[in-house]
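What follows is a short report on a single structure.
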Amino acid sequence: MTFGTSAPQLDKYYANDFFIAVFIYLLANFSCFAQQINVAVDHAPPYSTIEDNGEVQGLILDILATVQAQAGVDYQINAVPCPFSRCMRMIAQGEVDIMGGLIRTPQREKLIDFVEPAYMALTSSFVFYAKQDSDIRVEQYTDLYTKRIAVMRGGVFYPRFDEDRQLNKVPVFSEQVAFDLLLKGRVDLVIAVEDTAEVAMEVLGQPIEKLKKVSYHHAQPIYGHMAMSKRFSGTELAQTIRLTMKQLAEKKQLDAVVAKYKLPPVSEHISDLVPAHP
20 MTFGTSAPQL
30 DKYYANDFFI
40 AVFIYLLANF
50 SCFAQQINVA
60 VDHAPPYSTI
70 EDNGEVQGLI
80 LDILATVQAQ
90 AGVDYQINAV
100 PCPFSRCMRM
110 IAQGEVDIMG
120 GLIRTPQREK
130 LIDFVEPAYM
140 ALTSSFVFYA
150 KQDSDIRVEQ
160 YTDLYTKRIA
170 VMRGGVFYPR
180 FDEDRQLNKV
190 PVFSEQVAFD
200 LLLKGRVDLV
210 IAVEDTAEVA
220 MEVLGQPIEK
230 LKKVSYHHAQ
240 PIYGHMAMSK
250 RFSGTELAQT
260 IRLTMKQLAE
270 KKQLDAVVAK
280 YKLPPVSEHI
290 SDLVPAHP
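Residues 20 to 297, numbered by the working numbering, are exactly what the sequence shown covers, in order.
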């Protein structure tokens, strides 16, 4: 008498093992897939860049990698390159999960959820660029009414400007297009953030020496947030990211991440944040 399992039973045993192994493999891959975070990234140097070969880099990706390491959660970060306006549309529709560097406004809060604290803080001005050889002068806000102003489609700046329907705003898909139109004389002005505009122009290969800043500008603190789609925001993973972001900021561990982008420490403004769009 032989103790054990007969050959047919062994075949059945191993067959069951095989299907169990396949099930576990598929389940593991599904779990991995379910933990993928799709991050919308627009070409906005120096904070995010999309190379000609499709490679994407940026501060929001670095922050999510830091959050991942701190939280010990295994998720994939999938960068989705897109023009700014398309990125905004995709996150509003839940086609991507996260986007970075967004100014918080009441209108945007109806469409997406913002993560505190803001990780970008610029004590800067919104400035207007004109062609160096033009005779355009803007001494005060009302001088803008006779000008064609290139603005990023889907972008926000400061309340008076954003809400003014009398201004002649020309929506464009990128800063590069905005400055190209300016140099070709198809618009009179481009609005930009002073602290980052010249860095961006250098990266974009724009001839800075052919441009000038007009006298009028608008100064206010500018805060850039991580934002989540409404669909993603309610997930357990989203809650983990929110909590970890707060912990990293309080422990000053985000400071080194943003310092690479020449931004002030997050810990300096975490306690006195005010609404970014008063």
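Note that beta-carbon positions come from the ideal geometry of N, C-alpha and C, so glycine has one too.
None of these values were measured; they are calculated from a predicted model.
For R205 and Y160, the gap between their C-alpha atoms comes out near 21 Å.
If you compare the alpha carbons of I168, K281 and A169 with that of D214, the shortest gap goes to K281. Rounded to whole angstroms, the Cβ separation of M109 and A59 is 6 Å, and the two are in contact under 8 Å. Residue pairing of G77 in beta bridges, as defined by DSSP: S67. Exposed is the label assigned to A88, since fewer than 16 other Cβ atoms lie within 10 Å of its Cβ. If you keep only unbroken alpha helix (DSSP H) runs of at least 4 residues inside the stretch 119-179, you get 125-128.
Per DSSP, reduced to three states, the secondary structure at Q225 is coil, with no helix or strand assignment.
Per DSSP, the beta-bridge partners of M245 are V134. The Cβ atoms of R261 and V92 do not sit closer than 7 Å to each other.
Cβ atoms of I131 and A111 come within 8 Å of each other, at about 6 Å. A distance of 7 Å or more separates the beta carbons of H288 and L121.
Just so you know, the alpha carbons of N97 and D152 end up roughly 44 Å apart. In the DSSP assignment, the residues bridged to N57 are N97.
The beta-carbon distance between C101 and D71, rounded to whole angstroms, is 16 Å. This is too long to meet the 8 Å contact definition. Within the same chain, Cβ atoms closer than 6 Å to the Cβ of F251 are found at D116 and A257, the five residues on either side in sequence being excluded. At a Cβ-Cβ threshold of 7 Å, S144 and A238 count as neighbours. Here L202 is not near V209, since their CB atoms are 7 Å or more apart. In the DSSP assignment, K265 falls within the unbroken alpha helix (DSSP H) covering E255 to E269.
Within the same chain, and ignoring the five residues on either side of K271 in sequence, the residues whose Cβ sits closer than 8 Å to its Cβ are P284, V285 and S286. Here the alpha carbon of Q95 sits roughly 45 Å from the alpha carbon of Y235. Around the CB of Q126, fewer than 16 other CB atoms lie within 10 Å, so the residue is classed as exposed. By the neighbour-count criterion, in which a residue is buried when 16 or more other Cβ atoms sit within 10 angstroms of its Cβ, I227 is exposed. Contact between V233 and I155 holds: CB atoms are separated by about 7 Å, below the 8 Å threshold. For T68 and V157, the gap between their C-alpha atoms comes out near 32 Å. Our two residues, Q76 and T142, have alpha carbons roughly 24 Å apart in a direct line.
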